[in-house]
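For reference, the structure discussed in these notes is given below.
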Amino acid sequence: MLEDLYPILIVIGSTIGVVLVYLWRQARGASNVSLALIRLNEQLQFDTPAFLRSAWPLLSQSGLRGISWKLDWFGVPIEGQCGRPGGRSLDKEILVAEMKLNIRFQQHRHGERRYFDESLIETFLLLLRTDMWIKAGAIDATFTQMSKLSLFLQHDMKNVAQFIQLMADQLAAVPIGKEQQVLDYLRTAAPLIRHRADRIVRTLTAGQLPAEPSRTIQLEDELAQMCSLYRLDCTINGSARLQVPEHTLDSALDNILKNYADLGIRNHGVNPALTIEIADDG
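Counting in our numbering, the sequence shown runs from 21 upward without gaps.
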């Protein structure tokens with residue numbers, strides 16, 4: 021009697037083997053499509069609209085019937101459709117920053133192909149979501165860079181304008197016998213103003229903040245130069261040597277000394293006398 025079951029067992033085993041081979045081929049095909057989608061996304065440099073338009077030939081290999089999408093790309097509507105309607109509809113939404121994607125997949129209604137469809141869809145959605153996050157991060161970085169650039173230019177341009185005003189005031193009413201003193205001031209101020217103007221031009225030309233390496237600066241010399249530029253009477257005691265970017269130190273000293281220069285303007289041109297103590301605790 022057992023011998024009578026052998027043909028049935030052979031048929032059952034063969035059927036199971038055929039099914040396993042078929043499922044393995046389906047799984048391998050879905051895996052290959054997923055890898056191809058990843059490579060395509062890299063080739064398109066993670067561009068979401070381009071990826072949506074270019075992915076259908078690969079998605080169709082997996083057996084999906086069709087896809088359609090509506091993308092709000094920073095206020096610009098983008099729509100598209102590939103394949104054919106029919107089958108089971110699966111709607112998904114991705115919302116990242118100022119981007120919103122509504123996408124519909126047309127799947128097979130049942131069977132193992134539906135399972136492989138869903139696995140591939142999740143991979144595709146993950147790639148789209150990653151692209152959108154990359155774009156959002158790039159835009160945030162750009163805005164941050166532009167904000168720093170604007171602050172940098174605003175500070176330097178404001179200082180150049182103030183120095184020009186100071187020079188104009190000096191030239192507008194030169195007291196008799198003070199001509200050489202005014203000329204000495206202009207000789208001191210002009211190179212500093214030129215240096216800052218050149219830095220503004222370089223920044224505008226490059227469109228980004230200049231890379232300024234740290235350099236050794238003698239603090240008392242820098243203070244004396246800045247006080248002379250603002251026409252401040254100062255006594256500097258002590259000495260220190262700093263290793264900092266030049267613009268960083270200029271900005272800090274400008275913010276401090278300008279307040280005293282403004283105080284002199286409010287006091288009808290009588291500048292305060294400054295005593296600066298430098299202590300090197302390093």
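Ideal Cβ positions, reconstructed from N, Cα and C, are used throughout, including at glycine.
Boundaries of the alpha helix (DSSP H) harbouring residue 71: 68-74, taken from the DSSP string. As the crow flies, the alpha-carbon of residue 73 is around 59 Å from that of residue 246. Secondary structure note for residue 297: its beta strand (DSSP E) is the uninterrupted segment 293-297. For residue 118, there is no enclosing beta strand (DSSP E), as DSSP marks it with neither H nor E.
The alpha-carbon separation between residue 226 and residue 141 amounts to approximately 43 Å. Pairing residue 124 with residue 87 gives a Cβ-Cβ distance under 8 Å. Per DSSP, the continuous beta strand (DSSP E) segment holding residue 261 begins and ends at 261-264. DSSP, reduced to helix, strand and coil, places residue 145 within a helical segment of the structure shown.
DSSP places residue 201 in the helix class (H, G or I) of the three-state scheme. Non-local beta-carbon contacts of residue 274 in its own chain, meaning distances under 8 Å to residues more than five positions away in sequence, involve 175, 179, 246 in chain order.
Comparing alpha carbon positions, the residue from 150, 116, 294 closest to residue 66 is 150. When DSSP assignments are scanned along the stretch 230-258, the uninterrupted stretches of beta strand (DSSP E) that are 3 or more residues long and fall wholly within it turn out to be 235-238, 253-257. Burial state of residue 108 is exposed, judged by a 10 Å Cβ sphere holding fewer than 16 other Cβ atoms. In this structure, residue 89 lies away from residue 115, with their beta-carbon atoms at least 8 Å apart. Among the bridge pairs identified by DSSP, residue 109 is matched with 126. Excluding sequence positions up to five before and after residue 152, its CB lies within less than 6 Å of the CB of 68, 116, 119, all in the same chain and listed in chain order.
For residue 83, DSSP records no beta bridge to any residue.
Counting along the chain, residue 103 sits inside the beta strand (DSSP E) bounded by residues 96-103. The criterion of a C-beta distance shorter than 8 Å is not satisfied by residue 79 and residue 126. With contact defined as three or more Cβ pairs closer than 8 Å, the stretch 206-221 and the stretch 181-190 are in contact.
Taking all protein chains shown into account, residue 170 has fewer than 16 neighbouring C-beta atoms within 10 Å of its C-beta and is therefore exposed. Straight through space, the alpha carbons of residue 256 and residue 296 are spaced by roughly 5 Å.
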